[in-house]
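Student: Numbering (mature numbering (1 follows the signal peptide of the UniProt record, and there is no 0)), first residue to last: -17 to -1, 1 to 453. Below is a structure I'd like to ask you about.
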Amino acid sequence: MLTRVVLALCCVAVALADTPANCLYEDVRGTWTFSETERTGDHTINCDELGPIVHTKTFTLSFPNVAKDELNNEGTWTMIYNQGFEVNINERSYFAFSYYEGDMDSAVSYCDRTFSGWSRDKTIRNWSCYTAQKLNKTAPRVTYNNLKALSTRLYKNDHKMIEDINASQSSWRGKAYLQHESYTVEEMYRRAGGRRTIRHIQPKPAPASPEQKRRVAALPENFDWRDVDGENYVSDVRDQGACGSCYIFSSMGMMEARVRIATRNQRQDVFSPQDVVTCSKLSQGCEGGFEYLVAGRYAQDQGIVAEKCNPYKAEDGPCNRDLSCELTYVSEYDYVGGFFGACNEEVMMLALVENGPITLAFMVYDDFMSYSGGIYHHTGLSNGFNPLEVCVCDVLCCYRTMYKHAGRVCDTNHGVLLVGYGVEAETGEKFWSVKNSWGPKWGEEGYFRVRRGTDECGVESEATQVTVIP
Ligand SMILES: *[C@@H]1O[C@H](CO)[C@@H](O)[C@H](O)[C@H]1NC(C)=O
Ligand SMILES: *[C@@H]1O[C@H](CO)[C@@H](O)[C@H](O)[C@H]1NC(C)=O
Ligand SMILES: *[C@@H]1O[C@H](CO)[C@@H](O)[C@H](O)[C@H]1NC(C)=O
């Protein structure tokens, strides 16, 4: 079994995005045995190969986010999208990716077990490796992706689609970006978040509580971290290039803004996405990953370095961490709402205004690539670019597990940074203001606005926040 784990881990690097695991809430909920190796003080602990097991613990994970041990001590847990799960209990935190065999084209997820993962105490001093096995078996989940032929031909603007965008609605406008034609279709796909296993479920926004609604009523109608009483707390827009590192740029953007807010702009750090691309074992570099694991767990466990310490190259490579570089850490991280599946418009507005910019996940449809300004909503127009589009939000995909709300369920692929919200004066249309990582020449000086309050393209389904130690 060990050989298989190591083999499968080696292949994460060549898979085309995230990991192929497709594990759902209902697969993971239940009772698990965690088998842990000896605890050490070494945070560079290598968990690729699991050493001898010295403790086993039984944890029961139940609705909505309650974890309990054998003695009924309570903690919390959360899914990380469909990739794995984190358990926080008895002052320790455990994370491992769910087990799978195969690759992005065809994989079998064994959601009742995990790869070897990382456990450490709350003070980040006491480390071990572990694997988890669910007591009750879940059926292996087979995922086929119809994405084999991602083209290496150059991307072409579809002028007819852009005309149709302009003609079909007046909320936003499209334009042809010449710079997009320097990327291949596959590279453009990567810029938009890359491949993700299809047919998984993105939670619908959770219903807002009366308390959340009351607090939101006291917020301003328009708010933006780029202009709080004339002060800008958001760092400059960057360009991720042909690397699927959107989730790292949104993570670094959140940390940069939060350092600025905490220091009243005394510190204006720019952090290094490249260091995360090459050094984080909690994500897949240019092939994708998740803000919860990067801005959250990785920034807490290993820290983040400055851009000048490891300048951006937009490609995977070996980890060469300069040990003389200063590190910035986070003390807390969370899904907005408390766990994956608890997000909604209200908690996003509260987290944004009270604490600073938050990352969010968003489905990039074909028409979005050509966005030039206004308040975006998906027009349904397509140039056949996104091979996921046939499935996303069609009836086959639209079933759910956690909350049984009616309505369609959107997938998400792109990680971006929420910096503000407002209401359009003329039309009354509510919007979010979002920082993208496609350079300052795209959209509204690198930003876009998107419809708010209707979970447009999954925009209200998944958000993360961290507390930076400035
Ligand atoms: C696990 O399986 C046992 C025996 O089949 C069953 O009684 C129990 O309800 C199951 N537990 C869960 C959490 O599904
Ligand atoms: C880690 O914690 C365990 C108790 O959980 C303790 O026995 C051990 O000495 C600690 N090791 C280090 C290096 O802190
Ligand atoms: C769409 O409208 C925008 C803004 O008015 C304009 O710049 C662009 O050229 C139009 N594109 C097409 C193809 O009509």
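From the three backbone atoms N, C-alpha and C, an ideal C-beta is built for every residue, glycine too. Given the structure is predicted, the values throughout are model-derived calculations rather than measurements.
1) Does the structure place the segment 340 to 347 close enough to the segment 139 to 147 that three or more beta carbon pairs sit under 8 Å?
2) Looking only at its own chain, which residues have a Cβ that is under 7 Å from the Cβ of arginine 136, when we skip the five neighbours before and after it?
3) When you compare only the Cα positions, how much space is there between glycine 272 and proline 123?
4) Give me the residue from Thr311, Cys229 and Asp252 with the minimum Cα distance to glutamate 298.
5) Between the segment 194 to 203 and the segment 305 to 318, can you find at least three pairs of beta-carbon atoms closer than 8 Å?
6) Mind reading off the beta-carbon distance from serine 111 to glutamate 21? Whole number of angstroms is fine, and I expect it under 8 Å.
7) Ordered along the chain, which non-local residues of its own chain (more than five positions away) have a Cβ less than 7 Å from that of aspartate 25?
8) Is any non-hydrogen atom of ligand 2 found closer than 7 Å to the C-beta of arginine 103, if you look at the structure I gave you?
9) Quick one: what's got a C-beta closer than 7 Å to valine 378's C-beta in the same chain, skipping five residues either side?
10) Are the beta-carbon atoms of glycine 176 and asparagine 396 separated by less than 8 Å?
11) Any heavy atom of ligand 2 closer than 7 Å to the beta-carbon of arginine 174?
12) In three-state terms, what does DSSP make of aspartate 349?
13) Which term fits residue 476, buried or exposed, when burial requires 16 or more other beta carbons within 10 angstroms of its beta carbon?
14) Which residue from Ile107, Asp147, Thr43 and Thr59 puts its Cα closest to that of isoleucine 28?
15) So, for lysine 131: in the same chain, excluding its five sequence neighbours on each side, which residues have a beta-carbon less than 7 Å away from its beta-carbon?
16) Heavy atom of ligand 4 less than 7 Å from the Cβ of arginine 22, yes or no?
17) Could you have a look at glutamate 407 and say whether DSSP puts it in helix, strand or coil?
18) My parser needs the alpha helix (DSSP H) runs of 4 or more residues fully inside the segment 143 to 210; what are they?
19) Looking only at its chain, what residues have a beta carbon closer than 7 Å to the beta carbon of threonine 450, apart from the 5 residues adjacent to it on each side?
20) Based on Cα-Cα distance, which residue from Cys94, Ser444, Val91 and Gly67 lies nearest to tyrosine 318?
21) Would you mind reading off the limits of the alpha helix (DSSP H) that contains serine 233?
22) Please go through the same chain and pick out, in chain order, the residues whose beta-carbon is closer than 8 Å to the beta-carbon of methionine 171, but skip the five residues on each side of it.
23) Excluding the 5 residues flanking serine 154 on each side, which residues of the same chain have their C-beta closer than 6 Å to its C-beta?
24) Can you tell me whether DSSP reads glutamine 257 as helix, strand or coil?
25) Helix, strand or coil: which one does DSSP assign to residue 455?
26) For glutamine 283, which three-state DSSP category applies?
27) Distance check for glutamine 116 and asparagine 56, CA to CA, integer angstroms please.
28) Buried or exposed for alanine 446, please, with buried defined as at least 16 other CB atoms from any protein chain shown within 10 angstroms of its CB.
29) Do the segment 240 to 249 and the segment 257 to 272 make contact, defined as three or more Cβ pairs closer than 8 Å?
30) Ligand 3 and arginine 304: does any heavy atom of the ligand fall closer than 7 Å to the residue's C-beta?
31) Per DSSP, glutamine 116 is paired with what?
32) Could you check whether alanine 278 and methionine 237 sit closer than 8 Å to each other, using their CB atoms as the reference points?
33) How should leucine 118 be labelled, buried or exposed, when 16 other C-beta atoms within 10 angstroms of its C-beta is the threshold for buried?
34) Whole-angstrom Cβ separation of alanine 79 and threonine 114, contact assumed at under 8 Å?
35) Taking just the CA atoms, how far does glutamate 69 sit from asparagine 5?
36) Return yes when at least one heavy atom of ligand 2 lies under 7 Å from the C-beta of asparagine 71, else no.
Tutor: In brief:
1) no
2) Position 153 of the sequence shown, counted from the first residue, corresponds to residue 136. Thr167 and Val168.
3) Translated into positions along the sequence shown, residue 272 becomes position 289. Translated into positions along the sequence shown, residue 123 becomes position 140. Each residue's Cα considered, the two are about 23 Å apart.
4) Here residue 298 is taken as the residue at index 315 of the sequence shown, counted from 1. With distances taken between Cα atoms, glutamate 298 lies closest to Cys229.
5) no
6) Within the sequence shown, residue 111 is the residue found at index 128, counting from 1. Within the sequence shown, residue 21 is the residue found at index 38, counting from 1. Rounded, the Cβ-Cβ distance is 6 Å, consistent with contact.
7) As a working mapping, residue 25 is identified with position 42 in the sequence shown. Cβ neighbours of aspartate 25 beyond the five flanking positions: Trp110.
8) Counting from 1 along the sequence shown, the entry for residue 103 is found at position 120. Not so, every heavy atom of ligand 2 lies at least 7 Å from the Cβ.
9) To locate residue 378, count along the sequence shown from 1; it is residue 395. Any reading at valine 378 is ruled out, since the residue's pLDDT is 28, under 50, leaving its predicted position unreliable.
10) For the purposes of this step, residue 176 is taken as the residue at position 193 of the sequence shown. For the purposes of this step, residue 396 is taken as the residue at position 413 of the sequence shown. Closer than 8 Å, so yes.
11) In the sequence shown, the residue the question calls residue 174 occupies position 191. Arginine 174 Cβ: outside cutoff for every heavy atom of ligand 2.
12) As a working note, residue 349 is residue 366 in the sequence shown. Aspartate 349 falls in the helix class under three-state DSSP.
13) In the structure displayed, the chain extends from -17 to 453; residue 476 sits before or after that span and is not available.
14) As a working mapping, residue 28 is identified with position 45 in the sequence shown. Answer by Cα proximity: Ile107.
15) The residue labelled residue 131 in the question sits at position 148 within the sequence shown. In this prediction, lysine 131 has a pLDDT of 48, which is less than 50 and means its spatial position is unreliable; what the coordinates show is noted afterwards. For lysine 131, where only same-chain residues beyond five positions count, the Cβ hits under 7 Å are Asp88.
16) Among the ligands modelled here, namely ligand 1, ligand 2 and ligand 3, ligand 4 does not occur.
17) Residue mapping note: residue 407 aligns to position 424 of the sequence shown, counting from 1. Glutamate 407 falls in the coil class under three-state DSSP.
18) 168 to 174 and 193 to 200
19) The residue you call residue 450 lines up with position 467 of the sequence shown. Taken in chain order, the residues that qualify are Val313, Ser314 and Glu315.
20) Here residue 318 is taken as the residue at index 335 of the sequence shown, counted from 1. Residue Ser444 is the option with its Cα nearest to tyrosine 318.
21) As a first step, residue 233 must be located in the sequence shown, where it is residue number 250. Its alpha helix (DSSP H) spans residues 229 to 245.
22) What you label residue 171 is simply residue 188 of the sequence shown in a count that begins at 1. If we look at methionine 171 and ignore the five residues flanking it on each side, its Cβ neighbours are Tyr138, His163, Met352 and Phe368.
23) Here residue 154 refers to the residue found at position 171 of the sequence shown. Cβ within range, chain order: Gly357 and Ile358.
24) Translated into positions along the sequence shown, residue 257 becomes position 274. Glutamine 257 falls in the helix class under three-state DSSP.
25) Limits of the chain in this structure are -17 at one end and 453 at the other, which puts residue 455 out of reach.
26) Here residue 283 refers to the residue found at position 300 of the sequence shown. In this structure, glutamine 283 counts as helix in the three-state DSSP scheme.
27) Locating residue 56 in the sequence shown gives position 73, counting from the first residue. Locating residue 116 in the sequence shown gives position 133, counting from the first residue. Straight-line Cα distance between these residues: approximately 20 Å.
28) Here residue 446 refers to the residue found at position 463 when the sequence shown is read from its first residue. Buried, since its Cβ has 16 or more Cβ neighbours within 10 Å.
29) no
30) Working through the sequence shown from its first residue, we reach residue 304 at position 321. No, the beta carbon of arginine 304 sits no closer than 7 Å to any heavy atom of ligand 3.
31) The residue labelled residue 116 in the question sits at position 133 within the sequence shown. Thr16 and Arg96, per the DSSP bridge assignment.
32) Counting from one through the sequence shown, the residue named residue 237 turns up at place 254. Counting from one through the sequence shown, the residue named residue 278 turns up at place 295. Closer than 8 Å, so yes.
33) To locate residue 118, count along the sequence shown from 1; it is residue 135. Label assigned to leucine 118: exposed.
34) Locating residue 79 in the sequence shown gives position 96, where the first residue counts as 1. Locating residue 114 in the sequence shown gives position 131, where the first residue counts as 1. Sure, about 7 Å apart at Cβ, within 8 Å.
35) Here residue 5 is taken as the residue at index 22 of the sequence shown, counted from 1. Here residue 69 is taken as the residue at index 86 of the sequence shown, counted from 1. Rounded to whole angstroms, asparagine 5 to glutamate 69 spans 16 Å at the Cα level.
36) What you label residue 71 is simply residue 88 of the sequence shown in a count that begins at 1. Not under cutoff, so the answer is no.
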